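The structure appears right after this line, and notes come after that.
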Ligand SMILES: *Cc1c(COP(=O)(O)O)cnc(C)c1O
């Protein structure tokens, strides 16, 4: 919640559902990361919210960017970030997209397989490449699973292969899973990176860079540890593994950078019951899984919801979206309570919705418009 977004909504009364993002909070998040982890460069993970206004604020503050497509690369360049501030950080890329990025001047690329290295050697000769390793994602509310990354022995072999192919075996990266509340997972991952460095030293390779990914959590319904707790784990592990030979370090925060800056305003479409016997009410909002709240899948991300009746007596609810689709239920299992006074037409506020919402919104499912977004 931010007073600025609530004030804006009260004054302008834009049509709901609408996400209002306070750009001052985005800037604050960037500055906090720089202050708490001054030796780790920030590469904002664009997919969290690629709005031009956000990219511009961060580009002006000196941030770099983690992009995963030519569309995101173009958006960063348009925002004023030079290609030296862009990392093409996804491990599966079309060769022509690599060539496009290289043509634009991008020189930093992720990989986790030999086939990807072959493409990079062809389309981005001499580029700096970094290998993503697998690391445990336990403790993450939105785990990234095993989709990207490889085991440590393979990572070492691939870095050697990169050198043979004329690429620069530049670094190692990982991602501990998104909304990761267990700070020790960064230490576990950095220890794993240290192991790869030891293996590579035997082949005469000293990577120059370690990319600790994103994953830093924000407060939704439950409080999370402060960023200082994560910084302590990270710096402890870096000191333990690299001592005075500290490599260049990058991080790729997405959610942490923009999540708290956004508030989603939604209208209650209906409050109803299914039987005379049950106390449970069904609350239908004008936003759901298909309107941008995809992270409620499996009730992973539990948004805090404010209503005009807060403070009044509450009762159990199931919260659903506006479409006819049976999958369009936000919360059924995780015990939400909302005020008994809640009625059709009330406006509710979903806080910390600045990340992973707008671009998850369907184009026109059931005739509903994509989520509107405003940056103030
Ligand atoms: C999505 C993603 C991020 C951002 O993760 P958050 O949990 O939002 O901080 C960072 N790096 C990569 C490679 C990603 O795919």
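In my numbering, the protein residues as written are 13 to 388. Think of the CB as a built atom: it goes at the ideal place given N, C-alpha and C, for glycine as much as any other residue. Keep in mind it's a predicted model, so treat the numbers as computed, not measured.
- Excluding five sequence positions before and after residue 142, the CB atoms of its chain that fall closer than 7 Å to its own CB belong to 122, 182, 183, 184, 185, 221 and 223, given in chain order.
- Ranked by Cα distance from residue 304, the options 333, 328, 310 and 284 are led by 333.
- Between residue 321 and residue 353, the C-beta gap is smaller than 8 Å, which places the two residues in contact.
- Non-local beta-carbon contacts of residue 108 in its own chain, meaning distances under 8 Å to residues more than five positions away in sequence, involve 135 in chain order.
- In the assembly as shown, residue 144 is a buried residue. Its beta-carbon has 16 or more other beta-carbons within 10 Å.
- By the neighbour-count criterion, in which a residue is buried when 16 or more other Cβ atoms sit within 10 angstroms of its Cβ, residue 296 is buried.
- With contacts defined as CB atoms closer than 8 Å, residue 101 and residue 78 qualify as a contacting pair.
- When the beta-carbon positions are compared, residue 29 and residue 190 stay at least 8 Å from each other.
- C-alpha of residue 376 to C-alpha of residue 281: approximately 18 Å in a straight line.
- The residues 140, in chain order, have a CB closer than 6 Å to that of residue 180 in the same chain once the five nearest residues on each side in sequence are set aside.
- Excluding its 5 nearest sequence neighbours in each direction, residue 170 has C-beta neighbours in its own chain below 8 Å: 123, 124, 125, 126, 129, 143 and 162, listed in chain order.
- Taking 3 residues as the shortest admissible run, the stretch 297-376 contains the following complete beta strand (DSSP E) segments, listed from N- to C-terminal end: 326-332, 341-351 and 359-363.
- Taking residue 53 as the centre and dropping the five residues before and after it, the same chain places the C-beta of 76, 260, 261, 262 and 263 closer than 8 Å to its C-beta, in chain order.
- Your pair residue 269 and residue 112 does not check out as a contact, with CB atoms roughly 26 Å apart and the cut at 8 Å.
- In terms of side-chain proximity, the C-beta atom of residue 307 is found no nearer than 7 Å to any non-hydrogen atom of ligand 1.
- For the beta strand (DSSP E) assignment, the uninterrupted runs of no fewer than 3 residues enclosed by the stretch 198-227 are, from N- to C-terminal side, 221-223.
- Taking a cut-off of 8 Å for Cβ pairs, the stretch 33-41 and the stretch 340-349 do not touch, as fewer than three such pairs fall below it.
- With respect to residue 275, residue 363 sits close: the two C-beta atoms are nearer than 8 Å.
- CA-CA distance, residue 381 to residue 374, rounds to 8 Å.
- Excluding the 5 residues flanking it on each side, residue 326 has same chain C-beta neighbours closer than 7 Å at 349, 350, 351 and 352, in chain order.
- Nearest neighbour of residue 249 by Cα position, chosen from 356, 197, 384 and 372, turns out to be 197.
- Out of 103, 66, 106 and 330, the CA that lies nearest to the CA of residue 92 is found in 66.
- The beta strand (DSSP E) runs of length 3 or more contained entirely in the stretch 25-72 are, from start to end of the chain, 30-33 and 52-57.
- Cβ-Cβ distances below 8 Å link residue 234 to 314 in the same chain, with the five nearest sequence neighbours on each side left out; the list follows chain order.
- Bridge pairing for residue 152: 192 [DSSP].
- CA-CA distance, residue 366 to residue 267, rounds to 8 Å.
- For residue 371, the closest of 360, 177 and 63 by C-alpha to C-alpha distance is 63.
- The beta carbon of residue 203 is closer than 8 Å to those of 249, 252 and 253 in its chain, skipping five residues each way along the sequence.
- Only buried fits residue 229, as 16 or more other CB atoms lie within 10 angstroms of its CB.
- Scanning 341, 312, 199 and 256 for the CA closest to the CA of residue 154 turns up 312.
- For residue 130, the enclosing alpha helix (DSSP H) starts and ends at 126-135.
- By the criterion of a C-beta distance shorter than 8 Å, residue 35 is surrounded in its chain by 65, 66, 69, 273, 387 and 388, once the five residues flanking it on both sides are discounted.
- 200 is the residue among 118, 200 and 103 whose C-alpha sits nearest the C-alpha of residue 150.
- CA-CA distance, residue 316 to residue 15, rounds to 16 Å.
- Burial of residue 105 is indicated by the presence of at least 16 other C-beta atoms within 10 angstroms of its C-beta.
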